[in-house]
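Every position in the sequence shown, counted from 1, becomes a number in the working numbering once 23 is added.
Ideal placement from N, C-alpha and C gives every residue a C-beta, glycine not left out.
Here the structure comes first, spelled out in structure tokens, and everything after it is commentary.
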Amino acid sequence: MSAAAALATGQLLLEAGEGGQAIESFRMAARAGDARGLTMLGRAAERGWGMVPDAVQAAGWYRRAAAAGDPWAMFNLADLYLRGEGVPRDPAEATRLYADAARRGLLQALNMLGRLAETGAAGPRDPSAALAYYTASAERGDPWGQFNLSRHLIAEGRLPEALDWLDRALGCRISGFHAAVAEALSGVDHPDLCRRAELARSLAAPLSGRD
Numbered sequence: 024m025s026a027a028a029a030l031a032t033g034q035l036l037l038e039a040g041e042g043g044q045a046i047e048s049f050r051m052a053a054r055a056g057d058a059r060g061l062t063m064l065g066r067a068a069e070r071g072w073g074m075v076p077d078a079v080q081a082a083g084w085y086r087r088a089a090a091a092g093d094p095w096a097m098f099n100l101a102d103l104y105l106r107g108e109g110v111p112r113d114p115a116e117a118t119r120l121y122a123d124a125a126r127r128g129l130l131q132a133l134n135m136l137g138r139l140a141e142t143g144a145a146g147p148r149d150p151s152a153a154l155a156y157y158t159a160s161a162e163r164g165d166p167w168g169q170f171n172l173s174r175h176l177i178a179e180g181r182l183p184e185a186l187d188w189l190d191r192a193l194g195c196r197i198s199g200f201h202a203a204v205a206e207a208l209s210g211v212d213h214p215d216l217c218r219r220a221e222l223a224r225s226l227a228a229p230l231s232g233r234d
């Protein structure tokens, strides 16, 4: 079985709730030289798919996959460094890994760089840099980047532009996304934003339970 076929089989097994068998397929992909197999083994260890969750083991798999150039491994390892799970908390290392993933085209990493700049989680707050990262992520099609850009535009009073980006973001089908948007908009009182909040709530229901 090819590495691509092993990865596809592993994904199907995951969707069927067969985590243990999925792990074996991901091992096959990794042995065939596909770094994505290593990344999925890390994800299985992190999330507890077919095993007891083990963040230390997850970090080890992600580190091997990141060294082989897989951007999702870089992103996931950055998440662990940012939270201090399985590795010592190191926001600077998280930033470096997000930047490496972004350079390899992972849009979600651009959004996370924006979050770090906005919140100051890895250094001084930099609203201008945050806006630049969110804009880059949004323009390339990342729903989280589009939502975060819309937040900034709302704060600047640029509502028509904000609504355009928000509408684009709401068209995605990412688990947990619509619920997060609905919660973020729960305190708004502008009619247009209230309508988007209601739409987000309605879209969250059928996607709840997906991973």
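Where does residue i sit, in a helix, a strand or coil, going by DSSP?
{"i": "R138", "result": "helix"}
{"i": "G33", "result": "helix"}
{"i": "A39", "result": "coil"}
{"i": "S25", "result": "coil"}
{"i": "G71", "result": "coil"}
{"i": "A82", "result": "helix"}
{"i": "A55", "result": "coil"}
{"i": "R127", "result": "coil"}
{"i": "A228", "result": "helix"}
For residue i, which residues from the same chain have a beta carbon less than 6 Å from its beta carbon, with the 5 sequence-adjacent residues on both sides left out?
{"i": "L216", "result": "L208"}
{"i": "G60", "result": "F49, A52, A53"}
Between residue i and the ligand MG, is there a pair consisting of the residue's CB and a ligand heavy atom that are separated by less than 7 Å?
{"i": "Q34", "result": "Looking at this structure, you won't find the ligand MG or any other ligand, since it has none at all."}
Among the residues of its own chain, which have a CB less than 7 Å from the CB of residue i, if the five just before and after it don't count?
{"i": "L36", "result": "Q44, A45, S48"}
{"i": "E116", "result": "Y104"}
{"i": "A220", "result": "A205, L208, S209, V211"}
{"i": "A88", "result": "A58, L61, T62, G65, A96"}
Please name the residue in the options whose C-alpha comes closest to that of residue i.
{"i": "P111", "options": "Q34, V79, R127", "result": "V79"}
{"i": "A192", "options": "E221, Q169, D77", "result": "Q169"}
Once the 5 residues before and after residue i are set aside, which same chain residues still bring their CB inside 8 Å of it?
{"i": "T142", "result": "R148"}
Exercise. Which runs of the beta strand (DSSP E) spanning at least 3 residues fall entirely within the region 137 to 225, listed in chain order?
Worked result: none
Exercise. Which whole runs of the alpha helix (DSSP H) in the region 86 to 124 are 4 residues long or more, in chain order?
Worked result: 94 to 106
Exercise. Looking at C-beta atoms only, is the number of pairs between the region 114 to 133 and the region 94 to 102 that lie closer than 8 Å three or more?
Worked result: yes
For this session: Could you tell me whether the region 144 to 157 touches the region 165 to 182, using the rule of 3 or more Cβ pairs below 8 Å?
Result: yes
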